[in-house]
Amino acid sequence: MVGSAIMNRLRRLGFANLVTRSHADLDLLDQQAVRAFFQQEQIDCVILAAARVGGILANATFPADFIYQNLAIQNNVIHEAWQAGVQNLLFLGSSCIYPKLASQPMKEEYLLTGPLEPTNEPYAIAKIAGIKMCEAYNRQYNTSYFAVMPTNLYGPGDHYGLQNSHVLPALIRKMHDAKMGGQKEVVLWGTGTARREFLHCNDLAAAIGFLLSMDRDTLFSSFAAHGTPLINIGYGKDITIQELAHKIRRITGFTGEIIWDKTKPDGTPQKLLDVSRIKALGWQPAISLSDGIHDTYLNYSTGMVEV
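Here this note's numbering is used: the first residue of the sequence shown is -4, the next is one more, and so on.
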């Protein structure tokens, strides 16, 4: 989802010489394969969007996979990019890097100021390591590596498996299946009171294109205040999971009842990013949540999905 959106945006911006590899062609867990890739290609800038991702259930079920695979991907790509002389790299993290009880909205400087949310701590620790790796390589080797922290993402091309998807695509899948099956209710995890922020993948791609097109000195001067090359990318507003569920119910056309299983976890009470830094640079999102969900559901309901 994210990689495709970024590719489409870069093409529209006029970037023609884009070098990509599918997972089948390049296993990023294999350091020798990653090294060979960078030796074979002449790369000017790397966008590291690859990751092992998933929702609460996936994180709880596969914590070792989440920390190992994400650390390995980051270590291999960042290090081998530097070895090959790549000076510019953008690393995609996640808003789960911030403490569970961080003040809202979450500023970039809140990184490492408190305990993480236990349900996705292994993933968060891996992403924090990636941020710090970018910082360390800049300090030691004078590279221009930086990290962007997107909020919860959604959009065409998302994953809809009920065992490994995030909340928004999982809700779309559940509501759609219930409608098509004539079910009278759907059961959702938690209380529905947790608040989440959502950003369409095309808005993220637009933000990345904007940042990559900026003058490097101007961009990195915005990191100087706290020393970490990190910038949040979000919508700037959040919504309760309950509100999100009712919005998706309306868009999908499901008319049954929503039942909340309060024995299941809610996760972090609220996750809203402070996006004042990127807005001060001149970027803001363009796709409303309702329009974005409608676009995403149309994509899902016409069969262009991965489950």
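Every residue, glycine too, gets a C-beta built ideally from N, C-alpha and C.
As the structure is a prediction and not an experimental result, all values here were calculated from the model.
Does the separation of the CB atoms of residue i and residue j fall below 8 Å?
{"i": "V143", "j": "I203", "result": "yes"}
{"i": "S208", "j": "R272", "result": "no"}
{"i": "A97", "j": "I38", "result": "no"}
{"i": "P94", "j": "P58", "result": "no"}
{"i": "L43", "j": "L5", "result": "no"}
{"i": "D290", "j": "G185", "result": "no"}
{"i": "L13", "j": "C40", "result": "no"}
{"i": "F32", "j": "R7", "result": "no"}
{"i": "Q158", "j": "L52", "result": "yes"}
{"i": "L24", "j": "Q64", "result": "yes"}
{"i": "L284", "j": "I236", "result": "no"}
{"i": "W278", "j": "F205", "result": "yes"}
Since residue i is in the alpha helix (DSSP H), which residue starts that stretch and which ends it?
{"i": "L214", "result": "211 to 216"}
{"i": "P164", "result": "162 to 176"}
{"i": "Y184", "result": "A quick correction: the sequence has Trp, not Tyr, at residue 184. W184 -> not in any alpha helix (DSSP H); beta strand (DSSP E) instead, spanning 180 to 184."}
{"i": "I253", "result": "Per DSSP, I253 belongs to no alpha helix (DSSP H); it is in the beta strand (DSSP E), 252 to 256."}
{"i": "H18", "result": "Here H18 belongs to no alpha helix (DSSP H), and DSSP marks it neither H nor E."}
Given residue i, which residues of its chain have a CB within under 6 Å of its CB, disregarding the five upstream and five downstream residues?
{"i": "N294", "result": "P151"}
{"i": "A0", "result": "C196, N197, A200"}
{"i": "I123", "result": "I92"}
{"i": "P280", "result": "D198, Y230"}
{"i": "E301", "result": "Here the model assigns E301 a pLDDT of 49, short of 50, so the residue's position is not dependable and the matter cannot be decided."}
{"i": "G(-2)", "result": "A44"}
{"i": "I282", "result": "H195, D198"}
{"i": "Q26", "result": "N71"}
{"i": "Q82", "result": "T138, S139"}
{"i": "R168", "result": "Y155"}
Can you list, in chain order, the residues of its chain with a C-beta nearer than 8 Å to that of residue i? Leave out the 5 residues immediately preceding and following it.
{"i": "D60", "result": "R47"}
{"i": "P164", "result": "Y149, D153, H154, Y155, T291, Y295"}
{"i": "M299", "result": "Interpretation of M299 is limited by its pLDDT of 47, a score under 50 that renders its predicted location unreliable; the figure taken from the coordinates is listed afterwards. Cβ within range, chain order: P151, G152."}
How far does the beta strand (DSSP E) with residue i in it extend, from its first residue to its last?
{"i": "A142", "result": "139 to 145"}
{"i": "L107", "result": "Run containing L107: none; DSSP gives neither H nor E here."}
{"i": "N12", "result": "No beta strand (DSSP E) contains N12, which DSSP labels as neither H nor E."}
{"i": "I42", "result": "40 to 43"}
{"i": "I282", "result": "I282 -> no beta strand (DSSP E), and no H or E assigned at all."}
{"i": "I203", "result": "Here I203 belongs to no beta strand (DSSP E); instead the alpha helix (DSSP H) covers 196 to 208."}
{"i": "F86", "result": "83 to 87"}
{"i": "N227", "result": "225 to 228"}
Measuring alpha carbon to alpha carbon, tell me which of the options ends up nearest residue i.
{"i": "A173", "options": "T247, S285, P164", "result": "T247"}
{"i": "K232", "options": "M101, V41, V72", "result": "M101"}
{"i": "W77", "options": "N133, G9, G50", "result": "N133"}
{"i": "A121", "options": "G177, V181, N54", "result": "N54"}
{"i": "I68", "options": "V29, Q99, Q178, G50", "result": "V29"}
{"i": "K127", "options": "I73, R7, Q237, Q82", "result": "I73"}
{"i": "M170", "options": "Q34, K242, D212", "result": "K242"}
{"i": "L21", "options": "L111, F10, A119, Q35", "result": "Q35"}
{"i": "M175", "options": "H18, T250, F141", "result": "T250"}
Skipping 5 residues on each side, what residues in its chain have a beta carbon closer than 7 Å to that of residue i?
{"i": "E130", "result": "T223, P224"}
{"i": "A240", "result": "L166, L183, G187, I253"}
{"i": "G287", "result": "Y149, G150, H195"}
{"i": "L66", "result": "A121, A124"}
{"i": "N227", "result": "E103, M144, L268, D269, V270, R272, I273"}
Is it a yes or a no for the segment 256 to 269 touching the segment 139 to 154, going by three-plus beta-carbon pairs under 8 Å? The answer is yes - the segment 139 to 154 touches the segment 256 to 269, with three or more Cβ pairs under 8 Å.
Whether or not the segment 102 to 122 and the segment 183 to 196 are in contact is what I'm after, with contact meaning three or more pairs of Cβ atoms, one per stretch, closer than 8 Å; do they touch? Because the criterion of three Cβ pairs below 8 Å is not met, the segment 183 to 196 and the segment 102 to 122 do not touch.
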